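Residue numbers (the UniProt record's numbering): 1 to 469.
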Ligand SMILES: Nc1ncnc2c1ncn2[C@@H]1O[C@H](COP(=O)(O)OP(=O)(O)OP(=O)(O)O)[C@@H](O)[C@H]1O
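Here it is in structure tokens:
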């Protein structure tokens, strides 16, 4: 967990030994940047402190005068179930530990163990607390369905309800320092979602985007973490890595599914410790930057196949969203068409053309394997070619037709819908199936259906009449 979020949570140390309270407060601040630490020597005052202060974690000694930790523990867990209590005892007794856990303790530590282990335990408890609070926040936002900052999503044109839910989720987790994983097919708008999350994060720094696909381990390390002068032959100047560029901001790692295993190890270290070694440096550097990762790949499958480290996978997906492909939100197509017509006309210095009435309908018959990017390219292409007032459908028909063609090298017979059929339809049956499919895809519009299968509207109408008889 990075220091940023942890520092905001209150921690209460309860012990009758002032020396332990002092040294633990110092250790929490020094090693984990935890500054909101309250100390209490008198266990009788604990409930009062909890009622007044925003405390997330209590470190509770067991043996104290007036009131023992074991008596206090059930009162805390009953009255403040959202507070995590870590018992810190001088006794290394399994029975005591089991009793405390049964009474609702989050964890049990022995005072003689290494300080680092106790601090790691506190950070673990804080992480749980943070996730719990975020869950409540997410549920509240999703239920209210309202966005507090709709302007952050301005560039994302949509009226789809799944997308609206996704926005509410992104808004709820945007201020978390934990990673956000954005998945979805190529061209669905993952980068736009990452930029919206950054805008909502309230971070003062900038968003720095790095496409990690195809970077070998050395280039990845140099790009992200930089190097010191003289780190390798030719390194006559030190270089700041992208992580430092993104300090107090967001590091957006695109195509994370392509990261090599050695690079995954380096990234995990940065996520866990918030620190990294520039190439050639003998001391680590600490930088606070939120990581947003994106991929079009199935990371779970990659993890299962051993191509993606499990620890990194779980770390990255602490918060996650899947941006649905365009074919799952076809109602967005007319809106996006309008948006891109406007954008294309502006950037090409042309007057905005009027789209033919059936264009949106035609586009809704297409599956858009390249998603929003494909639609955008189609519109730009058509606007750049267009001359009359009304936009021609031809460029779109051609693009859609081409999209259905097999890729070069793939034989047409591989995609033959009849290949493998036990009984071939007769010519007339096949024709009827084709006509009916075109009518379904065109939403009952005969002109459009006729264009889809390359015949005239009267010819199609004649066939339909014949089928009705
Ligand atoms: N809902 C949307 N509204 C407006 N423009 C969009 C929308 N979704 C995507 N775009 C545009 O489509 C293009 C592709 O979007 P983006 O780069 O965010 O996709 P991606 O999912 O990150 O793709 P890749 O996986 O290839 O990196 C960009 O030009 C983007 O501006």
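From the three backbone atoms N, C-alpha and C, an ideal C-beta is built for every residue, glycine too.
All figures in this text were calculated on a predicted structure; none of them were measured in a lab.
**Message:** Check whether chain D comes within 8 Å of residue 74, counting only Cβ atoms and requiring the distance to be less than that.
**Reply:** Of the protein chains in the structure, only one exists, and it is not chain D.
**Asked** With burial defined as no fewer than 16 other Cβ atoms inside 10 Å of the residue's Cβ, what is the status of residue 163: buried or exposed?
**Response** Flag for residue 163 reads buried.
**Item:** DSSP three-state assignment for residue 339, whether helix, strand or coil
**Value:** When DSSP states are grouped into helix, strand and coil, residue 339 belongs to the helix group.
**C-alpha gap between residue 273 and residue 286, whole angstroms** = Taking the straight line from one Cα to the other gives about 8 Å.
**Asked** Span of the beta strand (DSSP E) holding residue 322?
**Response** DSSP places residue 322 inside the beta strand (DSSP E), whose first and last residues are 319–322.
**Request:** Please state whether DSSP places residue 40 in a helix, a strand or coil.
**Result:** Reduced to three states, the DSSP call for residue 40 is strand.
**Request:** Quick one: give me the first and last residue of the beta strand (DSSP E) that residue 225 is part of.
**Result:** Annotation: residue 225 is outside any beta strand (DSSP E); the continuous alpha helix (DSSP H) that includes it extends over 217–225.
**DSSP-derived helix/strand/coil call for residue 275** = Note: residue 275 maps to strand in three-state DSSP.
**Request:** Hey, could you find the ends of the alpha helix (DSSP H) residue 198 is sitting in?
**Result:** Where residue 198 is concerned, the enclosing alpha helix (DSSP H) stretches over 190–201.
**Message:** If distances are taken between C-alpha atoms only, which option among 401, 428, 434 comes closest to residue 417?
**Reply:** Among 401, 428, 434, the Cα nearest to that of residue 417 is on 434.
**Item:** Member of 88, 82, 196, 290 whose CA lies at the smallest distance from the CA of residue 114
**Value:** Each of 88, 82, 196, 290 was checked against the Cα of residue 114, and the nearest Cα belongs to 88.
**Request:** Please report how far the alpha carbon of residue 223 lies from the alpha carbon of residue 192, in whole angstroms.
**Result:** Roughly 23 Å separates the two Cα atoms.
**Message:** Give me, in chain order, the residues of the same chain whose beta-carbon lies closer than 7 Å to that of residue 424; leave out the 5 immediate sequence neighbours on both sides.
**Reply:** Once the five neighbours on either side are set aside, the close Cβ partners of residue 424 are 418.
**Message:** With distance defined between alpha-carbon atoms, name the residue in 452, 62, 123 nearest to residue 32.
**Reply:** Residue 123 holds the alpha-carbon nearest to the alpha-carbon of residue 32 among 452, 62, 123.
**Asked** If you measure from the CB of residue 376, is any heavy atom of ligand 1 nearer than 7 Å?
**Response** Correct: residue 376 has its Cβ closer than 7 Å to ligand 1.
**Request:** Return the first residue and the last residue of the alpha helix (DSSP H) that residue 49 is part of.
**Result:** Per DSSP, residue 49 belongs to the alpha helix (DSSP H) from 46–52.
**Message:** Below 7 Å, is the gap between the Cβ of residue 329 and the nearest heavy atom of ligand 1?
**Reply:** Residue 329: no, Cβ never under 7 Å from ligand 1.
**Message:** Within the continuous alpha helix (DSSP H) that includes residue 384, where are the two ends?
**Reply:** Note, residue 384: alpha helix (DSSP H), 371–385.
**Request:** Check residue 35 in the structure and name its three-state DSSP category.
**Result:** The answer is coil: DSSP assigns residue 35 none of H, G, I, E or B.
**Asked** Does any heavy atom of ligand 1 sit closer than 7 Å to the C-beta of residue 191?
**Response** At least one heavy atom of ligand 1 is nearer than 7 Å to the Cβ of residue 191, so yes.
**Request:** May I ask you to check if the CB of residue 59 is nearer than 7 Å to at least one heavy atom of ligand 1?
**Result:** Checking every heavy atom of ligand 1 against the Cβ of residue 59, none is found closer than 7 Å.
**Item:** Integer-rounded CB distance, given that residue 179 should sit under 8 Å from residue 72
**Value:** About 36 Å separates the two Cβ atoms, so there is no contact after all.
**Request:** Compute the minimum distance between the beta carbon of residue 180 and the heavy atoms of ligand 1, and state whether it is under 7 Å.
**Result:** Checking the Cβ of residue 180 against ligand 1 gives no.
**Request:** Please name the residue, chosen from 99, 41, 51, that lies closest to residue 66 on a Cα-to-Cα basis.
**Result:** The shortest C-alpha separation from residue 66 is found at 41.
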